[in-house]
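J.: The structure is given below, and queries will be raised subsequently.
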Amino acid sequence: MILNKKQNIFILLSVIIMILIIGYIAKFMYDRNAAKEKAAEVAIETMKKEKNVDFVVTDVKIQQLELAGFIRVRGYDKNNKQKKTLRCNK
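Quick note on our numbering: the sequence shown kicks off at 292 and runs consecutively.
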């Protein structure tokens, strides 16, 4: 079964579009993870400087909708036995 020229072009364009979409998704996920890692580092430094706490990060969330642009980092004091949750919003 031989495909005509229009079908070949359609298949080629479909493959190119799928590759571009997959590449965009991969870059988006990489950038999001890089932002989370940077936020965790900044939170650890901030808690150390401002509150003199050895901060251990447990959760990092990038906020959506009304809080867009904010990153919430949760964790606890390494030296505290109760492990009360602390937050650092930046």
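For glycine and all other residues, C-beta sits at the position ideal for the given N, C-alpha and C.
Can the beta-carbon of V364 be found less than 9 Å from the beta-carbon of V344?
T.: Within the sequence shown, residue 364 is the residue found at index 73, counting from 1. Within the sequence shown, residue 344 is the residue found at index 53, counting from 1. Not a contact, by the Cβ cut-off of 9 Å.
J.: Quick one: grab the DSSP three-state call for G314.
T.: The residue you call residue 314 lines up with position 23 of the sequence shown. Residue state, collapsed to three classes: helix.
J.: Where DSSP assigns a beta bridge to V348, which residues make up the other side?
T.: One-based indexing of the sequence shown puts residue 348 at position 57. The partner list for V348 (beta bridge, DSSP) reads G366.
J.: Any idea which residues DSSP pairs I353 with across the strands?
T.: One-based indexing of the sequence shown puts residue 353 at position 62. Looking at the DSSP assignment, I353 forms a beta bridge with I362.
J.: Using only CA atoms, which one of I302, G314, K327 and K339 lies nearest to K369?
T.: For this step, residue 369 is matched to residue 78 along the sequence shown. Comparing Cα-Cα distances from K369 to each of I302, G314, K327 and K339, the minimum goes to K339.
J.: How long is the line joining the alpha carbons of A330 and K342, rounded to whole angstroms?
T.: Position 39 of the sequence shown, counting from 1, holds the residue named residue 330. Position 51 of the sequence shown, counting from 1, holds the residue named residue 342. The alpha-carbon atoms of A330 and K342 are separated by roughly 17 Å.
J.: If I measure Cβ to Cβ from M320 and keep anything under 7 Å in the same chain, skipping five residues before and after, which residues do I get?
T.: On the sequence shown, position 29 is the one that residue 320 refers to. So the list is empty, once near-sequence residues are dropped.
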